[in-house]
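Asks: In this note's numbering, the protein residues as written are -7 to 210. Pasting in a structure now, in structure tokens, and then I'll have a few things to ask.
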Amino acid sequence: MTILITAGPTREAIDPVRYLTNRSSGKMGYAMAEAAAGMGHRVILISGPTQLDVPDGVDFVPTESAADMYRAVESWISKADVAIFAAAVADYRPAHVPEHKIKKTGDTMILELIRNPDILGSTRSIFKFNGVLVGFAAETQNVEDNARDKLERKGCDFVVANDVSRNDIGFDTNDNEVMLVYADKTEPLGKHSKHHIGHLILDKTIALASSNIAVTGQ
Ligand code: CTP
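Quick look at the structure:
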């Protein structure tokens, strides 16, 4: 099977020396990429900037901004049977990026932002992907309802929902506790290392892809 994974944060330039980013470490996505490659699958890992070593045996596609990541997914997605979108993509980017460093002037400064393309949201509708599609949802309230809404809007097979209001799991920690939200059920996975959760998500995704192959005969 060929598995495409997005991972890590994106980096949105403000000027040549500054950028906007977020606290994603990339650990979950890299753990899934490593596990999938270890199982003998072809892995296309499309990643924003992280501190992590690239797992052995993956096709690595480094990206910076959400627009870069969008283009990388657009060009690789047709090769994939399964796509897992673990990247924490910036929803907005600075509207104008000057060629030179911005000099300080007044006491306040307004940065205008514009929407980034929604990569996961384009995968069914624009890229016409019909394999197994897994999204992530980082929520601080109504975790399950918000995740199910995201699942429906973006055409996912399931969404991995994270409660990012808790400080014992999630960003900057090695552990996570997620629930898998499907259209018709919710499966809590319990608290484990990101590495172990990566394996569990991968197992569920591959099982789903295998049952689709059995049903469609492809
Ligand atoms: N995602 C993406 N491209 C974006 C934004 C998000 O591919 N521009 C993907 C992420 O990789 C993740 C999922 O979408 O799999 C969830 O992102 P999130 O920003 O939480 O989704 P939204 O629907 O934008 O939700 P919200 O309204 O909470 O911002």
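Yeah, the Cβ is synthetic: ideal placement off N, Cα and C, and Gly gets one too.
Decide if the segment 111 to 123 is in contact with the segment 141 to 154; the criterion is three or more beta carbon pairs, one per stretch, under 8 Å apart.
Replies: yes
Asks: Is the Cβ of glycine 123 closer than 7 Å to any Cβ of chain B?
Replies: Absent from the structure is chain B; it holds one protein chain and no more.
Asks: Can you determine whether any heavy atom of the ligand CTP sits closer than 6 Å to the C-beta of phenylalanine 52, and answer yes or no?
Replies: no
Asks: From the DSSP output, in three-state form, read off leucine 194 for me.
Replies: Residue state for leucine 194 is assigned as helix, using DSSP reduced to three classes.
Asks: Going by CA-CA distance only, name the one from Thr178, Tyr84, His191, Ala(-1) that's closest to alanine 78.
Replies: Ala(-1)
Asks: If you compare alpha carbons, which of Asp176, Ala175, Arg158, Lys177 is closest to glutamate 169?
Replies: Arg158
Asks: Going straight from the alpha carbon of threonine 2 to that of glycine 18, what length do you get?
Replies: 10 Å
Asks: Relative to the C-alpha of asparagine 137, which residue among Met31, Asn122, Ala153 is closest?
Replies: In the sequence as displayed, the identity of residue 137 is aspartate instead of asparagine. Selected option, being the one with the closest Cα: Ala153.
Asks: Do the segment 51 to 64 and the segment 24 to 42 meet, that is, are 3 or more Cβ pairs less than 8 Å apart?
Replies: yes
Asks: Out of curiosity, what's the CA-to-CA distance linking glycine 182 and lysine 95?
Replies: 49 Å
Asks: Less than 6 Å separating the Cβ of lysine 142 from some heavy atom of the ligand CTP?
Replies: yes
Asks: Thinking aspartate 167 and histidine 191 are a contact (beta carbons under 8 Å), I'd like their distance in whole angstroms, please.
Replies: Incorrect: roughly 14 Å between the Cβ atoms, too far for contact.
Asks: If the criterion is Cβ atoms closer than 7 Å, does the pair aspartate 134 and alanine 80 meet it?
Replies: In the sequence on display, residue 134 carries asparagine and not aspartate. Contact: no.
Asks: Look at the Cβ atom of valine 124, then the Cβ atom of alanine 175, and state whether they are nearer than 7 Å.
Replies: no
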